[in-house]
Amino acid sequence: MKRLFPLLATALLALSAQAEPLAFGLFGDTPYNRWERTHLPDLIAAMDAESLAFVVHIGDIKSGASACSDEALQDIQAVFQISRHPLVYVPGDNDWTDCHRQSNGRYDPLERLGKLRLWFFPDDFALGRRPLKLERQSRDPAFARYRENVRWEAGGALFVGLNVPGSDNNFHGTRRSGGPVPEFVERSAVNRAWLAEAFALARSKRLAGILIAMQGNPGFHAANAGNPSPGYRDLLTQLREETQAFPGQVVLVHGDPHQHRIDQPMEDPGTGETVQNFTRVETMGSPAFGWVRGTVDASNPKVFSFSPRFWKASRR
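First residue of the sequence shown: 0, per numbering that gives the first Met the number 0; consecutive thereafter.
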């Protein structure tokens, strides 16, 4: 059995070797203030200047203390549309789950999520000026509301977007304690179905890797210590089990703590050993301003590689 996964990985790479290597951009947790909003078009222009297949914003298009107004959300959607590259956006907690706060305008979070779905996911294409066709989970009538959950194939790998925000994945909703709210229960089941389908698809097509983009930090270190957050516990268990059963490389991209890092925090609960085919990439976030350049090369055993690109300007 120990020889099976290396053999499968070798066969997978051989089948995926015909895919051309490509680059992509990752950013998120921005803009949080006036300076970042002013320079957001400049940051997008910096990505536009490079040869990228697409860019992904992993959520939080505003700070947690600013208004969730129609004008604020539509303003960022309009900026995203200027991207020369296709731009895929996944929702963050500041964008909907936390909008009930007084500083945010006391909006109904589910009503705000509905507006995000209307404005940011109006059809089956990514935002931006160059088209990228996406497969949305909403194509299945059973998941018709979940337009934000997407996937697309590129460079011999599968890319997946999930609505998994910070603030403990909306486990408590607008409450501070108690059990999970119905919204969390339903969306979590939908997310698990989308994730399982993604891994099954990648295995059936013998893809070299999977990259999953979401906003919330699921808390690997707490989970490794046996104290996972209830909002991410089941998702982390599924992700680990799917990763260990997958012969290729798996990457999770998230934001939320605003601490850029690239590491391997997933551990096998039985042995305590690092799961070697899993990598976590956390994008930089306010007050850091920049993006992460990623590459996918199915002929490389590591499949994915990443490098930070900090954007600098005079703060006048």
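Positions of the beta carbon are idealized from the N, C-alpha and C atoms, including for glycine.
Asked: Given 8 Å, three or more beta-carbon pairs between the segment 198-207 and the segment 140-158; Found: yes
Asked: Classification of N103 by the beta-carbon crowding that lies within 10 angstroms, buried from 16 upward; Found: buried
Asked: Beta-carbon gap between G165 and Q214 smaller than 7 Å; Found: yes
Asked: CB of L251 within 7 Å of CB of I211, strictly; Found: yes
Asked: Length of the line joining the Cα atoms of M265 and A224; Found: 11 Å
Asked: Backbone CA spacing between F303 and T282 [nearest angstrom]; Found: 15 Å
Asked: For G63 and D107, the rounded distance between their alpha carbons; Found: 15 Å
Asked: Minimum length 4: unbroken alpha helix (DSSP H) runs contained in the segment 84-167; Found: 108-119
Asked: Contact belief for D296 with R279 at Cβ below 8 Å, rounded distance in angstroms; Found: Not really, about 19 Å apart at Cβ, beyond 8 Å.
Asked: Identified DSSP bridge partners for I211; Found: V159 and L251
Asked: Meets three-Cβ-pair contact criterion under 8 Å: the segment 78-89 and the segment 113-131; Found: yes
Asked: Beta-carbon contacts of F119 that lie in its chain and below 6 Å, excluding the five residues immediately before and after; Found: Q76 and Y88
Asked: E35, buried or exposed, once every other Cβ within 10 Å from all chains shown has been counted against 16; Found: buried
Asked: Backbone secondary structure at V184 - three-state DSSP; Found: helix
Asked: Beta-carbon proximity of G24 to L42, cut-off 7 Å; Found: no
Asked: DSSP state of P307 mapped onto helix, strand, coil; Found: strand
Asked: Identified DSSP bridge partners for F277; Found: V249
Asked: Reference A192, options K311, N162 and D74, closest by Cα; Found: N162
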